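Novice:
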Amino acid sequence: MLDKKQLKKEQIIECALELFASRGFYSTTIPDIAKSLKMSVGNMYNYFKSKDILASEIIKYISVYLGKKLREINEEDISTKEKTRKIVEMYFKTASVKPEMIDYFLRIYLSNREVFRDTCEGMLCVNEFVTEIMIYFEEGVRCGDLREQDFFSAFGLFMGYLGGMVFLKGEDILPKDLNEYVEDITYNIYKALSSQ
Amino acid sequence: MKTKMKVLWLSAISCNGNTHSFFNYSQMEQFLEDFEFIYHPVIDSKYLLQDIVSQDIECDVLLIEGAISKEFKRADLSIVDIIQRYSKRVKKIVTVGTCATFGGIFRESGYEKTSGLHFDQEKRVDTFKSLLDKTISLSGCPVHPEVLVNTLYAIKKDITLKVDEFLRPKEFYAYTVHNGCTRNEYFEYKVDNHNFGELEGCMFYDHGCQAPFTHGSCNKILWNEVNSKTRAGLPCMGCTEPSFPRQNLFSTKKNMAIPEHLPVGVNKRVYLTLAGITKAFKIDRLEKKLFDD
Ligand code: SF4
Ligand code: SF4
Numbered sequence: 032m033l034d035k036k037q038l039k040k041e042q043i044i045e046c047a048l049e050l051f052a053s054r055g056f057y058s059t060t061i062p063d064i065a066k067s068l069k070m071s072v073g074n075m076y077n078y079f080k081s082k083d084i085l086a087s088e089i090i091k092y093i094s095v096y097l098g099k100k101l102r103e104i105n106e107e108d109i110s111t112k113e114k115t116r117k118i119v120e121m122y123f124k125t126a127s128v129k130p131e132m133i134d135y136f137l138r139i140y141l142s143n144r145e146v147f148r149d150t151c152e153g154m155l156c157v158n159e160f161v162t163e164i165m166i167y168f169e170e171g172v173r174c175g176d177l178r179e180q181d182f183f184s185a186f187g188l189f190m191g192y193l194g195g196m197v198f199l200k201g202e203d204i205l206p207k208d209l210n211e212y213v214e215d216i217t218y219n220i221y222k223a224l225s226s227q
Numbered sequence: 295m296k297t298k299m300k301v302l303w304l305s306a307i308s309c310n311g312n313t314h315s316f317f318n319y320s321q322m323e324q325f326l327e328d329f330e331f332i333y334h335p336v337i338d339s340k341y342l343l344q345d346i347v348s349q350d351i352e353c354d355v356l357l358i359e360g361a362i363s364k365e366f367k368r369a370d371l372s373i374v375d376i377i378q379r380y381s382k383r384v385k386k387i388v389t390v391g392t393c394a395t396f397g398g399i400f401r402e403s404g405y406e407k408t409s410g411l412h413f414d415q416e417k418r419v420d421t422f423k424s425l426l427d428k429t430i431s432l433s434g435c436p437v438h439p440e441v442l443v444n445t446l447y448a449i450k451k452d453i454t455l456k457v458d459e460f461l462r463p464k465e466f467y468a469y470t471v472h473n474g475c476t477r478n479e480y481f482e483y484k485v486d487n488h489n490f491g492e493l494e495g496c497m498f499y500d501h502g503c504q505a506p507f508t509h510g511s512c513n514k515i516l517w518n519e520v521n522s523k524t525r526a527g528l529p530c531m532g533c534t535e536p537s538f539p540r541q542n543l544f545s546t547k548k549n550m551a552i553p554e555h556l557p558v559g560v561n562k563r564v565y566l567t568l569a570g571i572t573k574a575f576k577i578d579r580l581e582k583k584l585f586d587d
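Residue numbers (my numbering), protein chains in the order written: chain A, 32 to 227; chain B, 295 to 587.
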């Protein structure tokens with residue numbers, strides 16, 4: 032039973048993500064989402080009590096999704112440099128197969144903090160994702176590959192860079208496919224963070 | 295007349311810190327009615343050290359204070375030989391303090407191969423292997439007098455003490471020092487903002503407190519019956535552990551904001567998940583001074 036409800040929730044999340052990406056966050060309403068899923072609005076509220084709650088559930092969903100991928104990379108027995116490359120690849124891959132996810136993260140979550148104020152204090156809704164990034168950094172420093180520094184200066188460098196590239200891609204400014212930048216970007220990030 | 299238990303207090307490479315700690319035991323008169331030192335380096339006792347090393351004097355418990363090296367002598371005899379000799383006749387051997395247990399501070403002394411009786415930090419030392427079953431380790435720098443005395447009473451009463459992997463009685467060492475600290479609330483919500491000696495803040499995050507990964511009863515059996523280091527505003531330095539002394543005792547070693555040593559048994563992912571949650575909230579009450587209005 033629980034699984035069925037969970038499945039439906041995920042369906043709603045996927046649908047909402049698409050609608051937010053194509054029509055914009057503010058102009059998409061709960062009735063719009065219900066309509067495109069052929070659900071009644073009343074039933075829809077059984078799953079998410081408000082649009083704000085749906086909005087924060089979506090960001091948690093994305094964080095869990097990315098966190099899981101990162102964890103797989105973290106648990107591999109490879110060098111920090113290899114992990115760096117895999118994270119870049121994973122992020123770009125997500126941006127191309129699930130563009131609405133990264134889009135949501137960058138354009139909705141980071142740009143409309145007021146929507147998330149009550150339900151997502153601090154980094155609460157992106158905990159899984161941030162935890163894995165922290166583990167990547169921590170293990171890198173511990174084994175001597177990465178330089179010890181403030182977490183946010185490293186986090187900003189890594190995620191800001193990747194987010195910026197995906198943003199440029201979304202704006203159709205990038206001349207090449209994202210994948211073609213993996214090599215250089217990995218090199219740049221690793222060089223900036225490395226202890227050498 | 296009831297029989298007193300006979301105790302030999304043997305001082306190896308040591309600063310006598312455990313002796314001084316022991317002197318703070320509050321029921322000393324009672325203790326001395328139940329126990330008798332056949333020899334103690336500071337207290338008047340029946341025999342001289344020369345008698346101890348040259349004769350076989352009756353003895354029930356051997357207490358060893360200080361780190362051990364074959365090179366180190368007392369009354370012209372290697373401490374190792376004195377231990378060998380008395381260990382055969384006693385019922386129990388107790389290593390008193392971290393030096394006698396793991397090597398401790400005096401592990402750094404110039405004597406050749408200095409270590410604890412059975413451990414060189416975490417590594418097992420085989421010299422006295424046959425004595426393992428007889429030994430109880432009481433680590434601490436110094437050991438709390440009540441821990442020492444209560445262990446001796448347990449021996450006297452033939453109570454079997456359950457011990458951990460380093461032979462420390464679980465009764466005293468199954469807890470972490472973090473248990474019972476008055477700053478636990480600050481720990482829970484990840485509030486350090488501590489100034490040494492002040493009442494507010496948990497010292498785990500920035501000020502080097504090792505209590506969450508140090509085994510001992512400091513916050514359960516208070517020192518001088520009134521206080522503990524961490525309650526008073528000084529970080530726990532992990533003095534009961536094989537790794538004692540570490541470096542930089544007043545700051546927390548971190549790798550990109552994550553403490554290198556986490557609370558015992560808590561894995562990194564769990565720690566970070568919880569940290570992420572609690573860090574999201576600011577509890578005003580815990581940011582303020584306790585007594586100032
Ligand atoms: S100061 Fe140390 S013992 Fe006290 S709560 Fe913090 S970590 Fe625990
Ligand atoms: S608080 Fe820590 S350093 Fe202080 S006596 Fe206890 S175990 Fe040793």
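A virtual CB, placed ideally from N, CA and C, is assigned to each residue, including glycine. This one's a predicted model, so the numbers in the text were calculated from it and none came from an experiment.
Return helix, strand or coil for Pro553(B), following the three-state DSSP convention.
Specialist: Strand at Pro553(B).
Novice: Under 8 Å between beta-carbons, which chain B residues line up against Gly153(A)? List them in chain order, please.
Specialist: Residues of chain B passing the Cβ test: Gly570, Lys573, Ala574 and Phe575.
Novice: On the premise that Ser363(B) lies in contact with Lys407(B), defined as a C-beta separation below 8 Å, what is that separation, rounded to the nearest angstrom?
Specialist: Confirmed, Cβ separation roughly 6 Å.
Novice: Evaluate contact between the stretch 141 to 158 of chain A and the stretch 87 to 98 of chain A, counting only Cβ atoms and requiring at least three cross-stretch pairs below 8 Å.
Specialist: With the cut-off at 8 Å, the stretch 141 to 158 of chain A and the stretch 87 to 98 of chain A touch.
Novice: Nearest to Pro439(B) by alpha carbon, out of Lys451(B), Ser424(B), Phe325(B) and Pro557(B)?
Specialist: Of the candidates Lys451(B), Ser424(B), Phe325(B) and Pro557(B), the one whose C-alpha sits nearest the C-alpha of Pro439(B) is Phe325(B).
Novice: Which value, in whole angstroms, describes the spacing of the CA atoms of Leu302(B) and Pro536(B)?
Specialist: In a straight line, the C-alpha of Leu302(B) is about 25 Å away from that of Pro536(B).
Novice: By a C-beta neighbour count over all protein chains shown, 10 Å radius and 16 as the cutoff for buried, is Glu131(A) buried or exposed?
Specialist: With 16 or more Cβ atoms within 10 Å of its Cβ, Glu131(A) is classed as buried.
Novice: For Met165(A), would you say it is in contact with chain B, using Cβ-to-Cβ distances shorter than 8 Å as the test?
Specialist: Yes, because at least one Cβ of chain B sits closer than 8 Å to the Cβ of Met165(A).
Novice: Would you say Ala126(A) lies against chain B (beta-carbon separation less than 8 Å)?
Specialist: No, no contact with chain B.
Novice: With Ile279(B) and Val390(B) assumed to form a contact (beta carbons below 8 Å), what rounded beta-carbon distance in angstroms separates them?
Specialist: Limits of chain B in this structure are 295 at one end and 587 at the other, which puts residue 279(B) out of reach.
Novice: At the 8 Å Cβ level, is Asp181(A) part of the contact set with chain B, yes or no?
Specialist: Yes, because at least one Cβ of chain B sits closer than 8 Å to the Cβ of Asp181(A).
Novice: Here's a check: name, in chain order, each residue in its chain whose Cβ is nearer than 8 Å to the Cβ of Ile332(B), leaving out the five neighbours to either side.
Specialist: Taken in chain order, the residues that qualify are Lys300, Val301, Leu302, Ser339, Lys340, Tyr341, Ile346, Ile351, Glu352 and Cys353.
Novice: Would you mind working out which of Arg477(B), Cys533(B) and His509(B) sits nearest Gly559(B), comparing C-alpha positions?
Specialist: Ranking Arg477(B), Cys533(B) and His509(B) by Cα distance to Gly559(B) puts His509(B) first.
Novice: Assign Asn312(B) to buried or exposed, taking buried as 16 or more other Cβ atoms, counted over all protein chains shown, within 10 Å of its Cβ.
Specialist: Per the 10 Å Cβ criterion, buried.
Novice: Bridge partners of Pro463(B), per DSSP?
Specialist: Paired residues: Val457(B).
Novice: Going along chain B in order, which residues have a C-beta closer than 7 Å to the C-beta of Ala185(A)?
Specialist: By Cβ distance, chain B contributes Met550.
Novice: With a cut-off of 8 Å, does the C-beta of Phe189(A) fall near any C-beta of chain B?
Specialist: So, not an interface residue.
Novice: Do Phe79(A) and Asn210(A) come within 8 Å of each other at the CB atom, strictly closer than that value?
Specialist: Contact: no.
Novice: Between His472(B) and ligand 1, is there a pair consisting of the residue's CB and a ligand heavy atom that are separated by less than 7 Å?
Specialist: Under cutoff, so the answer is yes.
Novice: Per DSSP, what kind of secondary structure is Lys367(B) in: helix, strand or coil?
Specialist: In the structure shown, Lys367(B) sits in a strand (DSSP, three-state: E or B).
Novice: How long is the line joining the alpha carbons of Leu68(A) and Asn74(A), rounded to whole angstroms?
Specialist: Whole-angstrom Cα-Cα distance: 11 Å.
Novice: Report the residue ranges of all alpha helix (DSSP H) runs contained in full by the stretch 118 to 149 of chain A; include only those spanning at least 4 residues, in chain order.
Specialist: DSSP runs (the alpha helix (DSSP H)) wholly in the stretch 118 to 149 of chain A: 130 to 134 and 144 to 147.
Novice: Considering Ser431(B), what are the terminal residues of the beta strand (DSSP E) in which it resides?
Specialist: Where Ser431(B) is concerned, the enclosing beta strand (DSSP E) stretches over Thr429 to Leu432.
Novice: Take Tyr96(A) as the anchor and find which of Ile84(A), Val72(A) and Lys129(A) has the nearest alpha-carbon.
Specialist: Checked all of Ile84(A), Val72(A) and Lys129(A); the closest Cα to Tyr96(A) is Lys129(A).
Novice: Just to check, is the beta-carbon of Ala505(B) closer than 7 Å to a non-hydrogen atom of ligand 2?
Specialist: Yes, ligand 2 has a heavy atom inside 7 Å of this Cβ.
Novice: Mapping the DSSP letters down to three states, classify Ala86(A) as helix, strand or coil.
Specialist: Here Ala86(A) sits in helix by DSSP.
Novice: Would you kindly report the start and end of the unbroken alpha helix (DSSP H) that includes Lys611(B)?
Specialist: Any question about residue 611(B) goes unanswered here, given that chain B covers just 295 to 587.
Novice: I'd like to confirm something about Met531(B): is its beta-carbon nearer than 7 Å to some heavy atom of ligand 2, or not?
Specialist: Yes; taking the cut-off as 7 Å, the Cβ of Met531(B) has a heavy atom of ligand 2 nearer than that.
Novice: Which residues in chain A have a C-beta closer than 7 Å to the C-beta of Arg579(B)? List them in chain order.
Specialist: Those do not exist, as Arg579(B) stays about 17 Å from chain A at its closest Cβ, beyond 7 Å.
Novice: Using a Cβ-Cβ distance cut-off of 8 Å, determine whether Val119(A) contacts chain B.
Specialist: Cβ-Cβ to chain B under 8 Å: no for Val119(A).
Novice: Using a Cβ-Cβ cut-off of 8 Å (strictly less than) and excluding sequence neighbours within five positions of Lys100(A), which residues of its own chain qualify?
Specialist: Closer than 8 Å at the Cβ level, and outside the excluded window around Lys100(A), lie Met121 and Thr125.
Novice: Nearest CA to the CA of Phe422(B): which residue from Ile577(B), Gly410(B), Leu432(B) and Lys582(B)?
Specialist: Of the listed residues, the one whose Cα sits closest to Phe422(B) is Gly410(B).
Novice: Which same chain residues, not among the five before or five after Lys583(B), have their C-beta less than 7 Å away from its C-beta?
Specialist: Result list for Lys583(B): Glu494, in chain order.
Novice: Less than 8 Å separating the beta-carbons of Glu163(A) and Arg116(A)?
Specialist: Taking 8 Å as the Cβ cut-off, Glu163(A) and Arg116(A) do not qualify as a contacting pair.
Novice: Does Leu556(B) get closer than 8 Å to chain A when you measure Cβ to Cβ?
Specialist: It does not: the Cβ of Leu556(B) has no partner Cβ on chain A nearer than 8 Å.
Novice: Going by C-alpha distance, which of Asn489(B), Lys523(B) and Lys484(B) is nearest Leu568(B)?
Specialist: It is Lys484(B) whose Cα lies nearest to the Cα of Leu568(B).
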